[in-house]
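Numbering (this note's numbering), first residue to last: 734 to 886.
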C-alpha cells in the first residue's frame with residue numbers, strides 16, 4: 734500500500750488534479766483486484782492464461798527497469814520506459830477484454846495515458862533536482878523490490 738500511496742502522490746504532484754489522480758489510482762487498483770479475482774477463480778481461458786503470463790513477465794521487466802533507472806543514475810530513458818508502460822497496458826486490455834465492459838476498458842486507456850506520460854516519467858527521474866515527485870521514487874522502488882524479494886510480483 735505504501736507503493737500505491739507513493740504513486741498516488743507522484744501523479745497528484747505532477748497533474749495538480751486531485752480528482753483525476755484519485756480516479757486513476759482507483760481504476761488501477763480495480764484492475765489489479767479484478768485480475769486477482771479472475772485468476773483465483775480460474776476464470777481465464779487458455780489464451781488468456783498465455784496473455785496473463787506475458788503480462789506478468791512484461792510487468793516484472795518494466796518494474797526491474799524502473800529500479801535500475803533509480804539505482805543507476807543517468808540511465809533513465811523515457812522512450813524505453815514509456816514503451817514498457819504502453820505494452821503492459823496493451824496486454825492488460827487484452828486480458829480483461831472478455832471480463833469487463835467497454836467503459837472499463839476505456840478506463841485502462843486513461844490509466845495508461847496517465848502513467849506513460851513522458852513529462853510525468855521525466856519528472857520522476859529528474860536526477861538533478863530533489864522535488865516532491867522525486868522523493869517518492871525510493872519508496873516505490875523499495876516496495877516493489879520487497880515484493881520481488883518475497884516472490885509476490
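No residue lacks a Cβ here, since even glycine has one placed at the ideal position from N, Cα and C.
Cβ-Cβ separation, residue j to residue i (assumed contact under 8 Å), whole Å
| i | j | result |
| --- | --- | --- |
| residue 807 | residue 860 | 6 Å |
| residue 824 | residue 787 | 6 Å |
| residue 877 | residue 796 | 5 Å |
| residue 739 | residue 832 | Between residue 832 and residue 739 the Cβ distance is about 28 Å, and since that is not below 8 Å, they are no contact. |
| residue 841 | residue 829 | 7 Å |
Residues near residue i in its chain [Cβ-Cβ closer than 8 Å; skip 5 each side]
| i | result |
| --- | --- |
| residue 745 | 751 and 754 |
| residue 802 | 808, 809, 810, 814 and 858 |
| residue 852 | 747 |
| residue 798 | 813, 814 and 817 |
| residue 769 | none |
| residue 886 | 792, 793, 796, 877 and 880 |
Coarse secondary structure for residue i, derived from DSSP in three states
| i | result |
| --- | --- |
| residue 883 | coil |
| residue 764 | helix |
| residue 738 | helix |
| residue 861 | coil |
| residue 866 | coil |
| residue 750 | coil |
| residue 856 | helix |
| residue 850 | coil |
Sequence-distant residues of its chain with Cβ nearer than 7 Å to residue i (five each side left out)
| i | result |
| --- | --- |
| residue 757 | 744, 843, 844 and 847 |
| residue 854 | 811, 814 and 815 |
Proximal residues to residue i (C-beta, below 6 Å), its chain only, five neighbours per side dropped
| i | result |
| --- | --- |
| residue 827 | 784 |
| residue 742 | 869 |
is_contact[residue i, chain D] using C-beta, thresh 7 Å
| i | result |
| --- | --- |
| residue 752 | The structure shown contains no chain D, having only a single protein chain. |
Original post:
Along the chain, which unbroken stretches of the alpha helix (DSSP H) at least 4 residues long are found entirely within the stretch 767-836?
Top reply: 779-804 and 811-829
Original post:
Can at least three beta-carbon pairs, one atom from the stretch 866-876 and one from the stretch 829-838, be found at a separation below 8 Å?
Top reply: no
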